[in-house]
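Before any comments, here is the structure.
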Amino acid sequence: MPLLPTLATVSRPRLKTVADLAEVSEPTVSRVLNGRTGVSETTRARVIDALEELGYTNVPEGTGPRRGVVGIITGELTNPVFSMLVDNVASTISEHGLVAMVSMLRTEERSLEEFAITGVDGVVFIGGKHAQIESDLSAYEALMAKNIPLIFVNGRQTGLDATHIYCDEEAGAVKAIEHLVALGHRKIGCVLGDPVYIPTKRVAEGFHSAMASAGLSPDDDAIIHTAFTFEGGRAGVKRMVENGYTGLLMSNDMMALGGVTAAEALGVSVPSELSLVGYDGTSITALTSPALTTLRQPFEQMTKLIADALASELSGSRQFRDTYVFEPELVSRESSGRFDGRGRRSTD
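When we follow the working numbering, the leftmost residue of the sequence shown carries the number 47, and every step to the right adds one.
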């Protein structure tokens, strides 16, 4: 009677064959074969039954120990703030003995598929779908059902039992508008990113609140939406200058820097004729000409909290499953100046 093949004596089965038979995904089969976490006992049993039906024995049983590998998913790395956050998180979690695995894929879905195959013990989302006003949370719920802790950064309160960390863009917008009003600006507007995102909505709410408090009524075109990029900022500021605005709040620093170049191309002096305020407070803002006034996020405190929350989750204490809101700091530099109402910066 022929012996049954074993995983030790033959090559592993094709994931698709096993997945189809067990009616599960290929990443789930991979996790069972590697003894990884994140698979329910019912699902694991189906995969093992499928493997045995295909003639394989000695399938790993139970779950393997946590390896301390954390997946990080971010919207993009071309924007300095995203790359800085990723770098800060990776560096800070290493102090807890954790290792970061950064996904470079374009969509959250593909990134999560990659993490399911390789295996991670937690996922940090920096921006992404959870930052949208309306989005499907089923992928996050599926991860939590597999006991994989999630950290949501700079998005919205999803209602999930997870750690949520964000900077209060509404409070930041109020600070920026108050700053511009104090400098004498009255024709004030915003060049913001895609309105589908909660941070954009919070900035708009802060803008309207601060303008009302200052007794100012913004024009219908006071807020325009464009891409969250240097080019988007450049195009947006060109329109706002043509419409007579003298003080502008931008969604991020890259957009503000694009706005500076737009002003220069139009022959408009910053800050003599146009004041710009960015958002994020990346290190490059102090080195530009003019140095950029910006709303600086407290990245060190935020990344420390991310690391502490992950370490807490992996130790089983889960004491950071809450919502933490930080407030940005207004850093006044050369891109914003006093406006005398005549289109020139006053000298007093």
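Ideal Cβ positions, reconstructed from N, Cα and C, are used throughout, including at glycine.
In this structure Cys236 touches Val249 by the C-beta definition: roughly 7 Å separates them, less than 8 Å.
In the three-state scheme derived from DSSP, where H, G and I count as helix and E and B as strand, Tyr243 is classed as strand. Annotation: the continuous alpha helix (DSSP H) that includes Asp299 extends over Asp299 to Ala311. Under the 10 Å beta carbon count, Asn298 is surrounded by 16 or more other beta carbons and is classified as buried. Three or more Cβ pairs closer than 8 Å define a contact, and the region 135-155 falls short of that threshold against the region 326-337.
Between Asp214 and Phe372, the CB-CB gap stays under 8 Å. Going by beta carbons, Val78 and Leu100 fall outside the 8 Å limit. Within its own chain, the residues whose Cβ lies closer than 7 Å to the Cβ of Arg367, once the five positions on either side in sequence are excluded, are Asp207, Ala208 and Thr209, listed in chain order. Of Thr349, Thr74 and Lys233, the smallest CA-CA separation from Glu159 is found for Thr74. For Ser363 and Glu277, the gap between their C-alpha atoms comes out near 45 Å.
Rounded to whole angstroms, the Cβ separation of Tyr212 and Gly205 is 14 Å, and the two are not in contact under 8 Å.
Inter-residue distance for Ser315 and Ser381 is about 10 Å (C-alpha atoms, whole angstroms).
Rounded to the nearest whole angstrom, the CA to CA distance from Glu224 to Val170 is 34 Å.
Gly313 and Gly293 have their C-alpha atoms some 16 Å from each other. Note that the C-beta distance between His176 and Phe198 is below 8 Å. Here DSSP, grouped into helix, strand and coil, assigns Tyr212 to strand. In the structure shown, the three-state DSSP call for Phe366 is coil. In the DSSP assignment, the residues bridged to His271 are Leu238. In the DSSP secondary-structure assignment, Met147 is bridged to Gly117. With at least 16 other beta carbons inside 10 angstroms of its own, Glu154 counts as buried.
Counted as a single uninterrupted DSSP element, the stretch harbouring Tyr325 is not any alpha helix (DSSP H) but the beta strand (DSSP E) occupying residues Ser321 to Asp326. Nearest C-alpha to Leu238 among Arg285, Leu196 and Ala228: Arg285. Shown here, Gln347 sits in a helix according to DSSP, grouped into three states. By the neighbour-count criterion, in which 16 or more other beta carbons inside 10 Å mark a residue as buried, Gln343 falls on the buried side.
Where Thr138 is concerned, the enclosing alpha helix (DSSP H) starts and stops at Pro126 to Ser140. Its chain contains Met257 as the residues whose beta carbon lies nearer than 8 Å to that of Ser263, once the 5 sequence neighbours on both sides are disregarded; these appear in chain order. Nearest Cα to Leu97 within the set Ser86, Phe128, Ser129 and Lys62: Lys62. When only Cα atoms are considered, Ala281 and Thr88 end up about 55 Å apart. Taking all protein chains in view, the Cβ of Leu183 is surrounded by fewer than 16 other Cβ atoms within 10 Å, so the residue is classified as exposed. Nearest in C-alpha terms to Val127, of all of Asp354, Ala188 and Thr340, is Thr340. For the pair Gly117 and Ser149, the CB atoms are nearer than the 8 Å cut-off. Apart from the 5 residues on each side of it in sequence, Gly121 sits with its Cβ closer than 6 Å to the Cβ of Gly173 and Gly174 in its chain, given in chain order. For Asp326, the closest C-alpha among the options Val242, Glu69, Pro374 and Ala357 is that of Pro374. When C-alpha distances from Leu131 are compared across Val377, Glu359 and Met348, the shortest belongs to Met348.
Nearest Cα to Pro195 within the set Thr124, Tyr370 and Gln365: Gln365.
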